[in-house]
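If you read the sequences in order, they're chains A and B. Here the first sequence is numbered in the numbering used here, starting from 1 and rising by one per residue. Here the second sequence is numbered in the numbering used here, starting from 1001 and rising by one per residue. Using N, Cα and C, we set each Cβ at its ideal position, and we do this for glycine too. Data block below; observations after.
Protein chains: 2
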Amino acid sequence: MTSAGNANAPAFRPLYLQMKETLTQRLAAGEWLPGALLPSETALAREYGVSQGTIRKALDAMAAERLVVRHQGRGTEVARHTTERSLFQFWHLYGSDGRRQLPTSRVLECRRGRARSAEAETLNLERGAPVVRIFRLRYLGNRPTLLEWITVSAERFPGLERFGQQLPNAVYELYQREYRVTVQRASEELRAVAADADDARHLGIEKGAPLLEIRRTAIDLENQPVEMRVSRCDTAHHHYLNELV
Amino acid sequence: MTSAGNANAPAFRPLYLQMKETLTQRLAAGEWLPGALLPSETALAREYGVSQGTIRKALDAMAAERLVVRHQGRGTEVARHTTERSLFQFWHLYGSDGRRQLPTSRVLECRRGRARSAEAETLNLERGAPVVRIFRLRYLGNRPTLLEWITVSAERFPGLERFGQQLPNAVYELYQREYRVTVQRASEELRAVAADADDARHLGIEKGAPLLEIRRTAIDLENQPVEMRVSRCDTAHHHYLNELV
DNA sequence: GAGTGGTCTAGACCACAAT
DNA sequence: TTGTGGTCTAGACCACTCC
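And the structure:
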């Protein structure tokens, strides 16, 4: 399929959306690795027999979804999970002064297990399927602020448990580098809960104190869930910021 | 300023961004009322002496910010505050089944007062300036779920207090219809707090129970704060959903 | 200097809404 | 049928990066 001028697919959709889909598939298939440059607009236009403007609309749409990053004069790059991206897309906790702080982490547990029903449902696994669980205590400015439980499929992330204390702060960079898994987006459910005895001990607060519980499901390039994450945050000195635009 | 070909402004910015700015100013000034149709792309292009494509990029950018809504075959319409918009942009509470429910409301208080320091700071007012405060209890499916305190400037919203029990559920529609104030975006700070005695009484829960507190600042078309809103939600049967894209 | 994406233009045709 | 925005094309020039 080189010419898309009159596609053979059952396509009533605009050409640029078809091109976006095609390019996204090639990207998700790993043809271009994170950080690499895609072929130029003119090269892609030649390859598919469409105009440069059509490729441009497709790439602009992909850039809007953070699949690629466009650089004038340099080219179009496959999006990487940098610390900045983690910060801007996935980190919403701010200090009382309104400044964003990145956490440091202490891994309390990191081992294999079998998927419980909630994990299986969230991650699209069979119940009892092998998983890796990470349990971390995270500090903001030396203050223990956040307890975090992460669950991923052990088939998708073989040997993840071996990282143990060496797990980096930003695990999405690790997912991408070691496992070719790119977290594209996520959804978070927020609730207020009461600290149980363990929460209280780890966070140095009273049992029953209010905590902000965040349940995140992270989604990869193929729109499949890849990580389930539950966080419990002490919001005495921090808050979760959400911009409604 | 009819020809923008070689602008006299200290402008190194792209033409389409200058056009977007100009059109946004005309819109914010009230030249086109909510629901009205803007002049067509060709008419605007003629008026400013630029190509239709440039106007198109400006309007597309405005549509991305929800300032206007584009309809093929009909024209470009100034965005209105409909119930759908309130729902999709400003309402983030979902039931445990994942369904979005709109609240019903009971106004507990609606009267004038003088800005306290937090209100004055948030709303860019002098401390002690006249304000209107609304205090509502909101129900989701017959269950009292949410206490809400709203503060706005009494100068900007003269006579708002007279609505009392007749306040509609979606006050942003009222702001736009009665006061020509369009809420374009907002930011929300979320924290977990413990219910005080009043919270507990109104929501039918235990004192000290965890509540999700949402502090919202609403921003108008001119990027000025127009409303401060604090909500305390019982998240036993609901949660706040945030999509990280 | 060569190559890239960003902007701007101009024109053709299509899909859709209103009449 | 008329006019609107949506798509697609083609070409020119600009700003920027890299060699």
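The beta strand (DSSP E) enclosing residue i, as first and last residue numbers
i	result
Gly-53 (chain A)	No beta strand (DSSP E) contains Gly-53 (chain A), which is instead part of the alpha helix (DSSP H) from 52–64.
Leu-1067 (chain B)	Element bounds for Leu-1067 (chain B): n/a, residue is neither H nor E.
Thr-151 (chain A)	143–153
Glu-1031 (chain B)	Segment: none, Glu-1031 (chain B) is in no beta strand (DSSP E) and carries neither H nor E.
Gly-208 (chain A)	Looking at the DSSP string, Gly-208 (chain A) is not in any beta strand (DSSP E), and its letter there is neither H nor E.
Gly-75 (chain A)	75–78
Beta-ladder partner(s) of residue i, from DSSP
i	result
Asp-1220 (chain B)	B:Val-1183
Ile-214 (chain A)	A:Leu-190 and A:Ser-231
Phe-1135 (chain B)	B:Glu-1109 and B:Trp-1149
Pro-1130 (chain B)	B:Arg-1114
Thr-83 (chain A)	Answer is none; Thr-83 (chain A) lacks a bridge partner.
Arg-1140 (chain B)	Residue 1140 (chain B) is actually Leu in this sequence, not Arg. Partner(s): B:Arg-1143.
Val-1226 (chain B)	Its beta-bridge partners do not exist; DSSP assigns none.
Gly-95 (chain A)	A:His-238
Thr-1104 (chain B)	B:Tyr-1139
Leu-1244 (chain B)	A:Ala-186
Whole-number beta carbon distance between residue j and residue i, since they are thought to touch under 8 angstroms
i	j	result
Tyr-1094 (chain B)	His-1239 (chain B)	6 angstroms
Trp-1091 (chain B)	Arg-1080 (chain B)	That belief does not hold up - the Cβ atoms of Trp-1091 (chain B) and Arg-1080 (chain B) are roughly 17 angstroms apart, past 8 angstroms.
Met-19 (chain A)	Ala-43 (chain A)	No, Met-19 (chain A) and Ala-43 (chain A) are not in contact; Cβ-Cβ is about 13 angstroms, not under 8 angstroms.
His-202 (chain A)	Leu-137 (chain A)	5 angstroms
Asp-198 (chain A)	Leu-211 (chain A)	So it is not a contact: roughly 12 angstroms between Cβ atoms.
Thr-1235 (chain B)	Arg-191 (chain A)	4 angstroms
Gln-1184 (chain B)	Val-1107 (chain B)	Between Val-1107 (chain B) and Gln-1184 (chain B) the Cβ distance is about 25 angstroms, and since that is not below 8 angstroms, they are no contact.
Arg-133 (chain A)	Arg-111 (chain A)	6 angstroms
Arg-1141 (chain B)	Val-1078 (chain B)	The question names Arg, yet the displayed sequence has Gly at residue 1141 (chain B). Gly-1141 (chain B) to Val-1078 (chain B), Cβ: 34 angstroms. No contact.
Gly-208 (chain A)	Gly-1208 (chain B)	7 angstroms
Ser-1086 (chain B)	Tyr-1172 (chain B)	6 angstroms
Spatial neighbours of residue i in its chain, beta-carbon cut-off 6 angstroms, leaving aside the 5 residues before and after
i	result
Trp-1149 (chain B)	Phe-1135 and Val-1230
Pro-1168 (chain B)	Leu-1174
Glu-1213 (chain B)	Arg-1191, Val-1193 and Arg-1232
Pro-1014 (chain B)	none
Ser-105 (chain A)	Arg-136, Arg-138 and Asn-169
Glu-1189 (chain B)	Arg-1215
Ala-1028 (chain B)	Leu-1221 and Glu-1222
Leu-1146 (chain B)	Arg-1138, Ser-1231 and Cys-1233
Ala-129 (chain A)	Ala-115
Cβ shell of residue i (< 7 angstroms), same chain only, five flanking positions each side left out
i	result
Arg-1143 (chain B)	His-1237
Gly-1204 (chain B)	Pro-1144
Thr-217 (chain A)	Thr-122, Ala-186, Ser-187, Pro-225 and Met-228
Leu-1241 (chain B)	His-1092 and Tyr-1094
Arg-1070 (chain B)	Leu-1059, Ala-1063 and Thr-1076
Ser-117 (chain A)	Arg-127
Glu-161 (chain A)	Cys-110, Arg-111, Arg-112 and Val-132
Thr-83 (chain A)	Ala-170
Delimiting residues of the alpha helix (DSSP H) encompassing residue i
i	result
His-202 (chain A)	197–203
Glu-41 (chain A)	41–48
Heavy atom of the ligand SAM within 8 angstroms of residue i beta-carbon
i	result
Arg-1114 (chain B)	Among the components of this structure there are no ligands whatsoever, and the ligand SAM is therefore not found.
Close Cβ partners of residue i (< 8 angstroms) along its chain, the five nearest in sequence each way excluded
i	result
Gly-75 (chain A)	Leu-37, Leu-38 and Ser-40
Ala-61 (chain A)	Tyr-16, Leu-17 and Lys-20
Val-181 (chain A)	Arg-156, Phe-157, Tyr-175, Asp-220 and Val-226
Leu-125 (chain A)	Ala-115, Glu-119, Val-131 and Ser-153
Arg-24 (chain A)	Correcting the residue type first, residue 24 (chain A) is Thr in the shown sequence and not Arg. Result list for Thr-24 (chain A): Met-62, Leu-67 and Leu-221, in chain order.
Ala-45 (chain A)	Ser-51, Gln-52, Thr-54 and Ile-55
Trp-32 (chain A)	Arg-26, Leu-38 and Val-78
- prompt: What residues in the segment 227–241 of chain A bring their beta carbon closer than 7 angstroms to a beta carbon of chain B?
  reply: Thr-235, His-239, Tyr-240 and Leu-241
task: Residues of the segment 28–55 of chain A with a CB closer than 8 angstroms to any CB of chain B: list them in chain order, please.
output: none
message: What are the residues in the segment 185–211 of chain A lying within 8 angstroms of chain B by C-beta distance?
response: Arg-185, Ala-186, Ser-187, Glu-188, Glu-189, Leu-190, Arg-191, Ala-192, Val-193, Ala-194, Gly-208, Ala-209, Pro-210 and Leu-211
Contact set between the segment 112–125 of chain A and chain B, restricted to residues whose Cβ is under 8 angstroms from the partner: none
- prompt: Of the residues that make up the segment 86–107 of chain A, which ones have a beta carbon closer than 7 angstroms to any beta carbon in chain B?
  reply: Gln-89 and Phe-90
message: Short of 7 angstroms Cβ to Cβ, which residues in the segment 155–181 of chain A face chain B?
response: none
task: With 7 angstroms as the C-beta to C-beta threshold (strictly closer), list the residues of the segment 1064–1088 of chain B near chain A in chain order.
output: none
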